[in-house]
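Final position of the sequence shown in this note's numbering is 1113; the numbers increase by one with none missing. See structure below.
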Amino acid sequence: MPEASHIIREACQDWWRKNAYTPSPDSPNPFEKIGQLIQLVTELYKHPTATIRAAALPDTPAFQDATSACKTVFTGFKNMRGNFNWKSKAIITRVDDTVDASPVFDSIKQNPAEWDAWAAAQRELPAPRHELGESFLTIVNTASAPPTTGNAKPFVLALQCIAQTAAQNLLLAPQAKIAQEIRADITTRIRDRAALTYDAMLTNVRDVLRTLQTGDRLRAVLRKEFRAALIDEFQDTDPVQYDIFWNLFSEGSIPLVFVGDPKQAIYGFRGGDIFTYYGAKEAIAASHQHSLETNFRSEANLVAAINEFFADPVNGRTFQNEHIAYSGQLKANDVPAAKALLVDGARDDQPFHIWTLDDPQQKDWSSPVAREIVRLLSDPKTTIGGSPVRPNQIAVLVNTHKEAAAVESAIKGMSVNAVRQATDNIFNSPEAANLSLLMAAVLEPGKGRAIRNALASGLLPCTHDDLRHYNAASDNLSPGIQPPAAASRPFEEWSEFFHGAGERWNQYSFMEAIQYLFSQLEVLPHLAASPDGTERIADLRHLIEIIHQAARSKKLGPIALTRWFNRQRKSEFRDKDGDDDATARVSDDSDAVQIMTHFKSKGLQFPIVFAPTLWKLQTRSVRADDATCKYHENNQLILDLDTASAAGKEKAKTEAHQENIRKIYVALTRAINRVYLFAADGNPKPEQYALSWLLEHVSGTTPHILRSPVPTDLPTAPWQDPTPPPAPESLQPRALNNPVDKSHGHASFSSLMPHPAAAAVITTSAAEAAADAPVRDIDQATEAIPPTAEIVIDPGSILAIPGGAKVGNCWHDIFEHIDFTHADSNPDAINEIIEITLNRYRLLPKPPANASAELRDLMTKRRAAVRTMVFNTLHTPLQPLGDAPTFALKDIPIANRRSEMEFNFSLQDDNQHRLNGIGEILDKQWNSTARNEEFIARLLRSEAAIPRGFMTGFMDLVFHHNNRFYIVDWKSNRLDGKIESFGPAGLAAEMSRNAYYLQYLIYSVALHGFLAARLKNYSFDDHYGGAFYLFVRGMDGKTDSGVFHDKPSRELIESLAKFLGGTP
């Protein structure tokens, strides 16, 4: 377990549930919000060796009573302006105010011993003392001899301080106690899960070494195995790691070497503690301390410039710390000619350029960077190693990822390739937000706003004009904007794409849905055409990979997966254990300007470095909503909960300011040949801006530093790369000489009997497509009534609603999600699902406001017809063959049914079978009343091959009733538009024409095999009830109109199973 953030949150939430909602009168909740608790516990867990400093005041009844009295007295003053004077004993006057301070004095007198002891201890503390301590000391001293005359202002100021801050300060002690208890609970939770975090591994080793018996054994083993110990980058270590190595190797003959540069300690946010370095240095004899006096990276003139810039001023320290001295005498080994930067054939005498920005707040700092890069690349007189400067010899170092994005855009805008070496989380990328919109549209393909949001994301090939047209159509266009007359693609077509992706997500996986959208809409070519297409595609693929992994590992469905993804986009809820996987990837860094933060640049080197934003590096003061105020005393980290303390805030700010100075040092020392530093004009606020401090203290002459305003003659035209692109390598695919056996694959009913089944003989081409055929068996796709039909259909009837796959899928969806038993008990619940599903599929949509009354009436009638159809289907009596009693679907509870039941069973051995073989079996053994001679004859004439491999498909519904299992297939076919055609003769013709006979026989083979494998004492005759094909448009809820039923014999099903590949 890389880290414990989710367990910290879990432990805090458990404590909050137990204590925050029903607090105990004896121990009230000292936290205002749960976020405050989580933040504090996180800080304590991250710093196991820190000293926790809670309240400046004891949390005792005496201090609580005195605080309350001070607040009461202080409210008597209308404001703090004017003179305050003692008028008589305990009476204070100010202009027209007269306030009695006796409640404060009485409170002090009630506990004289406690106050005397506290005051004596307070007087022994070194200055400066805490403001609250000083204020209470003033109150106690005054209470011992209340004055009758004189200036009362110091007393009133003390009242003000206590009234405003003491109550909050008294909460700090219980806050610290609770946070420490939760920290201990977190350790227990991790241990109970048989897990370890990286931090826990370190503390466990440290604790073992501190134990007498186990420590001696571990030291002996490690000292025997390792002959020396060397810790590099020691300035970024933490107290626990230092404690381990010091305990292991500080005594004995094994060398222990610490290598580090305190000027480069910039990883405080990761737990690095520079004061650990200071303490270690103090513990090592001076004779064992050595310094590297020579720079082996940079040109001599650049090393000289760094000396000039960072050398300690007289009677001071550049790095504001007595432990870090910089004499400015660092030597240079210089670089060989093959790495030297030359200007007009000579070494650069002033390789350190400081460019001053006229307006420190100007936004366009990135443009001078990009334009100077173009000048360097285009200047034949500026060379490195005798060759023109190339983009990959330049780095731009910034403070934030936002700044990195800005300068990347500026550089690419000048036709120079640039790449960000991002350490940012991929969930923070723009593509994460865009992908979230896309996922929302796939989840709700019938919701117009969700689709328009996805189209506006830029991921899909949708133009601005199309968006304006869609917004106008939805009455969502801003006034005054004229929309285009038509869009390049109908809005309903987008809805169909998202609906198709949603079906694949529900049936298969998120990856299947995304691949469907990407292939259908050519998403990747669309993105590749944008200026930052390579980066966008890299980010998008990275996100899709992470989401796919989460779906598989966490077993998340579409809704849960979308919620998880949106939670990852919020850093406070993000799963921290996947941070390494979620680090944004570099798309293409070949011959590109490198852009990164100064944190990322540490340990790297580049010929030319730009540092254009260090002037923005501001030292932030501790805020009231911070969990702690962090600073050090005697090299020990203090976590001070009193974030209002001026003394603590000043200490924390001083340490943060020192780290910012070190960040600047790291950035400027990455260069080999030249560095560009941007500065703000006027050196504002050196106590807040580290660069201003450094510029203010650059002392003496600086012959190797060139200071100037930003040049005004920089190039404005994009760069023209004079180097021709390399010729593409000619590649040819390897010839595939071995034949591919295409007879193996997945077959389904739809692939064996493709729609429409107009041909009397099925050709062998159907078999060739079997491997790639859809596994979902589809309904009749006919949209119109055959033209030969001389009938008149009521436009508002169910028969008038157009047919097709979309209608069939919608009605399937309705029957899949309704509770059949609600047909009588809760019809409103069924009607609600019908309305939602029709809207989602955009079927029978609500007409616009300006539509005719006839159209609105027609849509109302057709929706009512759909509702009637559903209830008729649920109430229609179903009569199984044999002695089973009649029932209706409304009798089937949800627990007894399975919708869209998928099946796969293996097909034949190496012997190739054809459809006419099935015809022969039916001719001999199909003896039920459903036998159809015309269909048998069609099969006997067919030479189509049945593929080897697997038979697959989905049964619309399988249900269990009265100890028998039944198959149901919903059919939305219109037949010829006559209600009479839904009788036995018409259904038989439709079953034959569309080969539905073969469909339910295959389904029966699959269900028979499933039940035989899963049901104890299974008997086909007793447990299999047969198949119902429900032509829902013709069902009236009373008769058997629209109902086809058959129960094939056990002998027939077993013969078919054996022929297809053995009993499943």
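For every residue, glycine included, the Cβ atom is placed at its ideal position computed from N, Cα and C.
**Q.** Every unbroken alpha helix (DSSP H) within the stretch 660 to 713, with a cutoff of 4 residues, ordered by chain
**A.** Listed in chain order, there is nothing to give.
(Q) Nearest by alpha-carbon distance to THR325: which of HIS339, ASP310 and HIS337 is it? (A) Of the candidates HIS339, ASP310 and HIS337, the one whose C-alpha sits nearest the C-alpha of THR325 is ASP310.
Q: Go ahead and label LYS712 buried or exposed: buried means 16 or more other beta carbons lie within 10 angstroms of its beta carbon, across all protein chains shown.
A: When all chains shown are included, LYS712 counts as buried.
Q) With respect to the alpha helix (DSSP H) encompassing SER435, which residues constitute its N-terminal and C-terminal limits? A) For the record, residue 435 in the displayed sequence is Gly; it is not Ser. Element bounds for GLY435: n/a, residue is neither H nor E.
Q) If you draw a straight line from the alpha carbon of ASP234 to that of ASP408, how long is it in whole angstroms? A) If I take the Cα positions, the gap works out to 53 Å.
Q. What are the boundary residues of the beta strand (DSSP E) that includes SER1135?
A. A query on residue 1135 cannot be resolved here, the shown segment of the chain reaching from 50 to 1113 and no further.
Q. Sorted by chain position, which residues of the same chain lie with C-beta nearer than 8 Å to ARG1013's C-beta, five sequence neighbours on each side aside?
A. The residues PRO929, ALA933, ASP1071, HIS1072, TYR1073 and GLY1074, in chain order, have a CB closer than 8 Å to that of ARG1013 in the same chain once the five nearest residues on each side in sequence are set aside.
Q) Can you name the start and end residues of the beta strand (DSSP E) that ARG1013 belongs to? A) Start and end: 1013 to 1020.
Q. Can you list, in chain order, the residues of its chain whose CB lies under 8 Å from that of PHE567, leaving out five sequence neighbours each side?
A. Sequence-distant partners of PHE567 (beyond 5 residues in either direction) whose C-beta falls short of 8 Å from its own C-beta, in its chain, are LEU573.
Q: Alpha carbon to alpha carbon, how far is PHE294 from ALA354? Give it in angstroms, no decimals.
A: Between the C-alpha atoms of ALA354 and PHE294 there is a straight-line separation of about 38 Å.
Q) Under the three-state reduction of DSSP, which class applies to ALA838: helix, strand or coil? A) Reliability fails at ALA838, whose pLDDT of 47 lies under 50, so the model's placement of it is uncertain and the value that follows must be treated cautiously. The three-state reading of DSSP puts ALA838 in coil, since its state is none of H, G, I, E or B.
Q | Contact under 8 Å by Cβ, PHE1031 with PHE1077 | A | With respect to PHE1077, PHE1031 sits apart: the two C-beta atoms are not nearer than 8 Å.
Q.
Could you tell me the alpha carbon to alpha carbon distance between TYR1015 and SER1104, rounded to whole angstroms?
A. For TYR1015 and SER1104, the distance between alpha carbons rounds to 20 Å.
Q. Would you report the Cα separation of LEU653 and LEU717, rounded to the nearest angstrom?
A. Rounded to the nearest angstrom, the two C-alpha atoms are 12 Å apart.
Q.
Suppose only complete runs of 4+ residues qualify. What are the alpha helix (DSSP H) ranges in the stretch 484 to 525, listed by chain order?
A. For the alpha helix (DSSP H) assignment, the uninterrupted runs of no fewer than 4 residues enclosed by the stretch 484 to 525 are, from N- to C-terminal side, 497 to 505 and 513 to 522.
Q) To the nearest angstrom, how far is it from the Cα of LYS855 to the Cα of ASP906? A) Distance from the CA atom of LYS855 to the CA atom of ASP906, rounded to whole angstroms, is 23 Å.
Q. Who are the near neighbours of TYR316 in its chain, counting only those whose CB is closer than 6 Å to its CB and skipping five residues on each side?
A. ASP285, listed in sequence order.
Q: Write down the C-beta distance between PRO656 and LEU390 rounded to the nearest angstrom, noting that I regard them as a contact closer than 8 Å.
A: Rounded to whole angstroms, the Cβ separation of PRO656 and LEU390 is 7 Å, and the two are in contact under 8 Å.
**Q.** Neighbour-count burial assignment, ASP1005, 16 or more Cβ in a 10 Å radius
**A.** That one is buried.
Q: Over the uninterrupted beta strand (DSSP E) stretch that includes PRO758, give me the two end residues.
A: Looking at the DSSP string, the run of the beta strand (DSSP E) that includes PRO758 is 754 to 758.
**Q.** GLU542 burial status per 10 Å Cβ neighbour count (16 or more: buried)
**A.** Counting C-beta atoms within 10 angstroms of its own C-beta, GLU542 has fewer than 16 neighbours from the protein chains shown and is therefore classed as exposed.
Q: Could you pull the start and end residues of the alpha helix (DSSP H) that ALA326 belongs to?
A: Correcting the residue type first, residue 326 is Tyr in the shown sequence and not Ala. First-last of the alpha helix (DSSP H) with TYR326: 323 to 332.
Q) Between HIS681 and the rest of its own chain, which residues show a CB-CB distance below 6 Å, the 5 nearest in sequence each way excluded? A) For HIS681, the CB contacts under 6 Å within the same chain, skipping 5 residues up- and downstream, are PHE324 in chain order.
Q) How big is the Cα-Cα spacing for TYR291 and ALA69? A) When the Cα atoms are used, TYR291 and ALA69 turn out to be separated by approximately 39 Å.
Q. Should ARG601 go down as buried or exposed, given a rule of 16 or more other Cβ atoms within 10 Å for buried?
A. Answer is exposed; the Cβ neighbour count stays below 16.
Q: Rank HIS795, GLY84, ALA349 and ASN483 by C-alpha distance to the C-alpha of GLY998 and give the top, closest one.
A: Distance from the Cα of GLY998 is smallest, within the candidate group HIS795, GLY84, ALA349 and ASN483, for HIS795.
Q | Cβ-based neighbour list, PHE540, same chain, cut-off 7 Å, excluding 5 preceding and 5 following | A | Cβ within range, chain order: TYR519 and ALA522.
(Q) I'd like to confirm the pairing. Which residues does DSSP put opposite LEU220 in its beta bridges? (A) Answer by DSSP bridge pairing: none, since LEU220 is not bridged.
**Q.** First through last residue of the beta strand (DSSP E) which encompasses ILE721
**A.** Residues 720 to 729.
Q | Inter-residue Cα distance where the pair is ALA599 and GLN556 | A | Whole-angstrom Cα-Cα distance: 17 Å.
Q. So does the stretch 916 to 926 actually touch the stretch 948 to 968, counting three or more Cβ pairs closer than 8 Å?
A. Too few Cβ pairs lie closer than 8 Å, so no.
Q.
Going by C-alpha to C-alpha distance, which of ASN965, ILE140 and VAL747 sits closest to LEU801?
A. The candidate whose alpha carbon is nearest that of LEU801 is ASN965.
Q) Within this structure, are the beta carbons of ILE211 and SER193 separated by less than 8 Å? A) Cβ distance not < 8 Å, so ILE211 and SER193 don't count as in contact.
Q | Sequence-distant residues of its chain with Cβ nearer than 6 Å to ASP265 (five each side left out) | A | Excluding positions up to five away in sequence, the list is empty.
Q | Per-residue DSSP class, three states only, for LEU426 | A | In the displayed model, LEU426 falls within a helix according to three-state DSSP.
Q) Just to confirm, are PHE1108 and ILE967 a CB contact at a threshold of 8 Å? A) Yes, Cβ-Cβ distance for PHE1108 and ILE967 is below 8 Å.
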